[in-house]
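First residue of the sequence shown: 1, per the UniProt record's numbering; consecutive thereafter.
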Amino acid sequence: VYHCAATVDDILVKNGWYYVSCPDCRKTVSPTETNFRCDHCKVDIEYPKTRFRLELQVKDRTDTAIFVLFDEIAEQVVHVKLGDLTSNLENGNEGSSELPEQLLNIIGTTHVFQVRMSSYFESRGRRSFTANKILKPTVKVVNIVLEPEDTVANVCSPSSGPPAVKTPILARKRRRLILHSSPDSADVDQKDIVEDLDD
Numbered sequence: 001v002y003h004c005a006a007t008v009d010d011i012l013v014k015n016g017w018y019y020v021s022c023p024d025c026r027k028t029v030s031p032t033e034t035n036f037r038c039d040h041c042k043v044d045i046e047y048p049k050t051r052f053r054l055e056l057q058v059k060d061r062t063d064t065a066i067f068v069l070f071d072e073i074a075e076q077v078v079h080v081k082l083g084d085l086t087s088n089l090e091n092g093n094e095g096s097s098e099l100p101e102q103l104l105n106i107i108g109t110t111h112v113f114q115v116r117m118s119s120y121f122e123s124r125g126r127r128s129f130t131a132n133k134i135l136k137p138t139v140k141v142v143n144i145v146l147e148p149e150d151t152v153a154n155v156c157s158p159s160s161g162p163p164a165v166k167t168p169i170l171a172r173k174r175r176r177l178i179l180h181s182s183p184d185s186a187d188v189d190q191k192d193i194v195e196d197l198d199d
């Protein structure tokens with residue numbers, strides 16, 4: 001797993017920015033004369049589900065790559081539900097190449113993407129990865145320390161091995177557990193008190 005901070009440089013629309021899918025397996029469905037067909041589930045679908053599929057060209061100081069964001073992951077970046085953008089689109093008009101303003105607004109924004117090397121895909125010289133998580137802006141600055149190796153160039157060079165993502169080590173307080181004996185018996189009272197010890 002890699003974490004890298006990268007800036008959205010462009011949104012690629014050749015394959016569209018959403019797709020019509022099977023509500024069960026999430027794979028693309030094919031239109032038929034009367035409805036849709038899921039070849040994976042081998043069933044006809046009367047009411048397919050429209051899902052995000054954003055191909056983002058991202059960059060940092062070292063390289064560029066294509067990160068593909070699906071559905072909930074894309075919504076974390078766009079901050080809008082797909083249904084709000086496609087409410088006026090007819091079923092079957094898959095992957096319109098026209099980008100709504102809400103999508104254009106993410107160009108130039110920086111995010112920390114989590115990608116897995118197993119999601120690597122190359123077609124016609126274009127390298128792409130599926131982003132499976134977006135770290136919140138506050139998290140990327142405060143809780144995660146990105147090493148110099150956490151770059152787009154290293155994501156695109158899997159031979160180097162995954163970089164270590166370090167988290168801050170918080171100091172622990174020393175504590176003392178105090179047990180009080182019950183005055184009526186020799187048994188120890190279960191009400192425990194914890195006191196902080198001065199360093």
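Where is the CB? At the ideal position from N, CA and C, for every residue including glycine.
Handout entry: Backbone CA spacing between S119 and H3 [nearest angstrom]
Key = On the sequence shown, position 119 is the one that residue 119 refers to. On the sequence shown, position 3 is the one that residue 3 refers to. Those two C-alpha atoms are separated by around 14 Å.
Practice task
Could you pull the start and end residues of the alpha helix (DSSP H) that N154 belongs to?
Solution key: Counting from 1 along the sequence shown, the entry for residue 154 is found at position 154. For N154, the enclosing alpha helix (DSSP H) starts and ends at 152-155.
Exercise for the section: Enumerate, from N- to C-terminal direction, the unbroken alpha helix (DSSP H) stretches of 4 or more residues contained entirely within the UniProt domain "Replication factor A C-terminal" (3-133). Expected result: The UniProt domain "Replication factor A C-terminal" (3-133) contains these whole alpha helix (DSSP H) runs: 71-78, 82-86, 101-104.
Problem - Alpha-carbon to alpha-carbon, K59 and G108 - result: Residue numbering aside, residue 108 sits at position 108 when the sequence shown is read from its first letter. Residue numbering aside, residue 59 sits at position 59 when the sequence shown is read from its first letter. Straight through space, the alpha carbons of K59 and G108 are spaced by roughly 10 Å.
Problem - Cα-Cα separation, F121 to A153 - result: Against the sequence shown, residue 121 aligns to sequence position 121. Against the sequence shown, residue 153 aligns to sequence position 153. If you take the alpha carbons of F121 and A153, they lie about 15 Å apart.
Practice task
Identify, in the order they occur along the chain, each residue of the same chain with its Cβ nearer than 6 Å to the Cβ of L69, setting aside the five sequence neighbours on each side.
Solution key: As a first step, residue 69 is located in the sequence shown; it is residue number 69 there, counting from the start. Closer than 6 Å at Cβ, skipping near neighbours: L54, A131.
Practice task
Pull up the distance between the alpha-carbon of L135 and that of I106, whole angstroms please.
Solution key: Locating residue 135 in the sequence shown gives position 135, counting from the first residue. Locating residue 106 in the sequence shown gives position 106, counting from the first residue. So the alpha carbons of these two residues sit roughly 15 Å apart.
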